[in-house]
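Chains as they are written, first to last, in our numbering: chain A, 5 to 374; chain B, 66 to 286.
Glycine is no exception: its CB is placed at the ideal position from the N, C-alpha and C atoms.
As the structure is a computational prediction, the values presented were derived from the model and not from experiment.
Heads up: the structure comes next, in structure tokens.
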């Protein structure tokens, strides 16, 4: 006799430890199977884009820190690139190298957080997360050394960075990179071959490359399906033409592939930082205040600049009316756009894979709601 | 290789199990007899004789000593350092603050025969409760009067107490952070060990000698 089941609607979140912030899902289950998902977000909306309309271009840097708070440096970089494009600012070479180092460090930190929390969602309580966070802590120490803050850095300024790295930063960075490599090796040693991780992540939430491209998904999610799309390679910004790195691709497009791509990308970031250290040149870290004053008045017009953020294409669109603050700012938040495929990933899946799939997207609610 | 993944994983956790802990104790750290004696600056035998009560505590493992958190010199702490003698009440900090939490009221003040008219600062309030420690005010200060502080323990029970006034800023110990102040890094100033007593030492320019001043203001006139 077949067991009859009745669909049950369960409300998950917004205050749920596994939702990576304040995210709410109304999920309909039929037994163990997910029938329908309705994502509801907006609980962390702080109106950053509106607040930007009444702040000067330098002051907005502080707002961008708080959008995706696990990759502040990357947010800073995307915003500063948009401002430089809008105002036609020529950045200082040393400032550009420094901000490349900072943003690649931030990418490693963000991928470590993503990996740690993915494993936490898998049910590996504590251990992988603590190992990942321990390494992230060293990166945050490096940030504290160069800019005085750990999370809300505000390190970048139009034309470069606000201050040169202290002398003790460079040996600490060398040591830190070795530690990062060691941590990633360790992470791979116990996760990349782990049968439990295999059985839980391989073959779950598979998405086709066509669907991913049509939904304009970017970042590790897209590269996990074998699409070679990395803005650092396709549309190089800053000095990414001058550094060599591999684009790691996986073809399975399942949860494991997303995890694998992130870990490999962290390795590539270490290579990029090493090349930056070799190529960095002495000089000022930002243009003089005669060229780029604190109060910028870009000519009327608009500009869009995008970088390869830790979660995908992170773009800032700025419209200027010639005043001291932008007329309008819009953020192409990669987390929000990656979230749009959540239904396709979850429907038909099992209850146990819900949060694993959710974790493999690597969302940050601060960026989704802004 | 299927089948080897789990043992290899357990090997990693085992390796981590025996490695030294990275936990940093705060605000106190437990010490034994040796540590307590070292903290008091004596050798263990002296310590046993002179402070028997503390020794028993230390042997029992309940003695603690305060620890300082490892911070870098550029740490943007939540207590500002302010040199009133350097401030000209130009209100640059108030203008650059993204949140507008610095309140400045100045009136035309004393008239100095040599330096001319200057502004007198009546109110200089920073609402720390709304501050996000971005450091833009410090970056904007043209005379190095305002610096980020290095402490971070400033919790209060009432929100109003988080507004720090001019007098409070002036009386606080001067432990400025090296954030946007390269002169401190050049002088190897350590804010966690020493303070700046003389406001002349906080500037980014070298203090002119008396001869230079005499030449500039008397001889060349």
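Contact set between the region 190-207 of chain B and chain A, restricted to residues whose Cβ is under 8 Å from the partner: Within the region 190-207 of chain B, the qualifying residues are 197, 198, 199, 200, 201, 204 and 205.
Cutoff 8 Å: residue 245/B Cβ touching any chain E Cβ: You won't find chain E in this structure, because its protein chains are A and B.
Beta-carbon proximity check, residue 365/A vs residue 137/A, cutoff 8 Å: no
Length at least 3, wholly inside the region 141-227 of chain A: the beta strand (DSSP E) runs in chain order: none
Member of 323/A, 29/A, 208/A and 20/A whose CA lies at the smallest distance from the CA of residue 56/A: 323/A
Residue 177/A versus residue 169/A - alpha carbon distance: 11 Å
Coarse secondary structure for residue 71/B, derived from DSSP in three states: helix
Start and end residues, alpha helix (DSSP H) containing residue 324/A: Premise fails: residue 324/A lies in the beta strand (DSSP E), 317-324, not in any alpha helix (DSSP H).
Check whether residue 129/B and residue 241/B have beta carbons under 8 Å apart: no
Neighbour list for residue 347/A in chain B, Cβ cutoff strictly below 8 Å: Neighbours of residue 347/A on chain B: none; closest Cβ ~32 Å, over 8 Å.
Cutoff 8 Å: residue 156/A Cβ touching any chain B Cβ: yes
Neighbour-count burial assignment, residue 95/B, 16 or more Cβ in a 10 Å radius: Exposed, by the Cβ-count rule.
For residue 28/A, three-class secondary structure by DSSP: strand
Opposing strand residues paired with residue 16/A [DSSP bridges]: 29/A
Per-residue burial, residue 315/A [other beta carbons within 10 Å of its own, 16 or more giving buried]: buried
For residue 131/B, three-class secondary structure by DSSP: strand
Proximity winner among 277/A, 151/A, 59/A and 144/A, relative to residue 198/B (alpha-carbon distances): For the set 277/A, 151/A, 59/A and 144/A, the Cα lying nearest the Cα of residue 198/B is the one of 151/A.
Beta-carbon spacing of residue 26/A, residue 19/A below 8 Å: yes
The region 58-71 of chain A / the region 199-208 of chain B touching (three or more Cβ pairs under 8 Å): Cβ pair count under 8 Å is three or more, so yes.
Contacts that residue 84/B makes with chain A (C-beta to C-beta distance below 9 Å): Neighbours of residue 84/B on chain A: none; closest Cβ ~11 Å, over 9 Å.
Best match in 280/B, 227/B, 265/B and 283/B for proximity to residue 150/B [C-alpha to C-alpha]: With distances taken between CA atoms, residue 150/B lies nearest to 265/B out of 280/B, 227/B, 265/B and 283/B.
Per-residue DSSP class, three states only, for residue 96/A: In this structure, DSSP gives residue 96/A a state outside helix and strand, which the three-state scheme calls coil.
For residue 116/A and residue 347/A, the rounded distance between their alpha carbons: So the two alpha carbons sit approximately 26 Å from each other.
Bridge partners - residue 146/B, DSSP secondary structure assignment: Residue 146/B has 212/B as its beta-bridge partners, per DSSP.
At least three beta-carbon pairs within less than 8 Å, the region 206-217 of chain B to the region 235-252 of chain B: The region 206-217 of chain B, when compared against the region 235-252 of chain B, does touch it at the 8 Å Cβ threshold.
For residue 237/A, three-class secondary structure by DSSP: Three-state DSSP puts residue 237/A in a helix.
Beta-carbon proximity of residue 159/A to residue 77/A, cut-off 8 Å: Against a cut-off of 8 Å, the Cβ pair of residue 77/A and residue 159/A comes out as a contact.
Check whether residue 355/A and residue 22/A have beta carbons under 8 Å apart: no
Nearest-angstrom Cβ-Cβ length linking residue 79/A and residue 235/A, presumed shorter than 8 Å: Wrong, their Cβ atoms sit about 15 Å apart, outside the cutoff.
Residue burial classification, residue 260/B (beta-carbon count within 10 angstroms, cutoff 16): Looking at its Cβ environment, which holds fewer than 16 other Cβ atoms inside 10 Å, residue 260/B is exposed.
is_contact[residue 170/A, chain B] using C-beta, thresh 8 Å: yes
Rounded Cβ spacing between residue 74/A and residue 342/A (contact assumed at less than 8 Å): Not a contact, Cβ separation roughly 15 Å.
Whether residue 289/A touches residue 99/A by CB criterion (8 Å): yes
Residue 132/B at chain A interface by Cβ criterion, 8 Å: no
Buried versus exposed, by CB contacts within 10 Å (16 or more), residue 157/A: buried
Counterpart residues of residue 229/B in DSSP-defined beta bridges: 191/B
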